[in-house]
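K.L.:
The opening residue of the sequence shown carries number 1 in our numbering; numbering runs sequentially from there.
All C-beta atoms, glycine included, are put in the ideal place defined by N, C-alpha and C.
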Amino acid sequence: MKKILSMAIACFFTWNYSLAQTNGNESKIGLGLEAAFPAGDFKDVADYGIGVSLLYQKPVAKNLNITGSVGYLRFHGPAVFSNIKYKQGFVPIKAGARYFIVPHVYGAGEFGVSISTANGYGSGTSFSYAPSLGTEFPVSKTGTVDVGLRYENWSRSTGTLSFLGLRAGYNF
1 MKKILSMAIA CFFTWNYSLA QTNGNESKIG LGLEAAFPAG DFKDVADYGI GVSLLYQKPV
61 AKNLNITGSV GYLRFHGPAV FSNIKYKQGF VPIKAGARYF IVPHVYGAGE FGVSISTANG
121 YGSGTSFSYA PSLGTEFPVS KTGTVDVGLR YENWSRSTGT LSFLGLRAGY NF
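1. Which residue from 94, 65, 33 and 59 puts its Cα closest to that of residue 154?
2. Between the alpha carbons of residue 118 and residue 56, how many angstroms are there, rounded?
3. Roughly how many angstroms lie between the CA atoms of residue 60 and residue 78, to the nearest whole one?
4. Relative to the C-alpha of residue 72, which candidate in 65, 40, 66 and 88 has its C-alpha closest?
5. Out of 34, 135, 113 and 76, which has the shortest C-alpha to C-alpha gap to residue 103?
6. How many angstroms separate the CA atom of residue 151 from the CA atom of residue 70?
7. Going straight from the alpha carbon of residue 28 to that of residue 106, what length do you get?
8. How would you call residue 127, buried or exposed, if buried means at least 16 neighbouring beta carbons within 10 angstroms?
9. For residue 141, name the three-state secondary structure that DSSP assigns.
10. Looking at the structure shown, is residue 162 part of a helix, part of a strand, or coil, going by DSSP?
11. Considering only the beta carbon of each residue, do residue 49 and residue 36 sit closer than 8 angstroms?
12. Buried or exposed, going by whether 16 or more other CB atoms sit within 10 Å of the CB of residue 34?
13. Count the other CB atoms, across all protein chains shown, that sit within 10 Å of the CB of residue 111; report buried if there are 16 or more and exposed otherwise.
14. State yes or no: is the beta carbon of residue 160 nearer than 8 angstroms to at least one beta carbon in chain C?
15. So, helix, strand or coil for residue 127, using DSSP?
The structure is reproduced here in structure tokens:
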């Protein structure tokens with residue numbers, strides 16, 4: 001799984017670099033830290049999640065960007081059996097759109113899949129969707145800080161996992 005994530009990151013960097021050479025840095029790529037707070041029935045199994053993400057944005061119209069993201073989230077929880085604690089990783093892969101409502105404030109929506117990296121509660125591949133609100137403000141000529149709050153839901157035939165997510169990242 002680490003090889004797949006490493007290859008995805010390399011592809012994003014290569015693609016972004018080639019677009020920057022031809023389009024004058026219109027596209028952005030961002031690295032982010034993630035925090036997740038389980039909701040619904042998922043709260044009974046997991047206490048919190050932490051992770052990293054890679055976000056790609058490409059402007060397609062005024063105030064509108066299409067997005068693609070990949071990341072890794074690991075959820076931690078209380079002891080399931082005696083001293084065995086719940087720990088499970090997921091790789092969410094999503095595509096979507098980000099619309100800037102006013103300068104530096106956006107609403108976004110993404111959909112895709114979440115792939116479990118281990119066996120256990122919620123293992124397998126799930127359909128995911130994530131509406132969000134956030135702010136992205138410039139801190140240099142080419143860099144922006146991006147902070148967003150989202151509700152994310154992962155659904156499959158055996159159940160649903162949902163959580164509130166917080167992402168803080170840097171886009172360049």
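P.N.:
Looking at the atomic coordinates:
1. 94
2. 27 angstroms
3. 44 angstroms
4. 88
5. 135
6. 16 angstroms
7. 15 angstroms
8. exposed
9. coil
10. strand
11. yes
12. buried
13. exposed
14. The structure shown contains no chain C, having only a single protein chain.
15. strand
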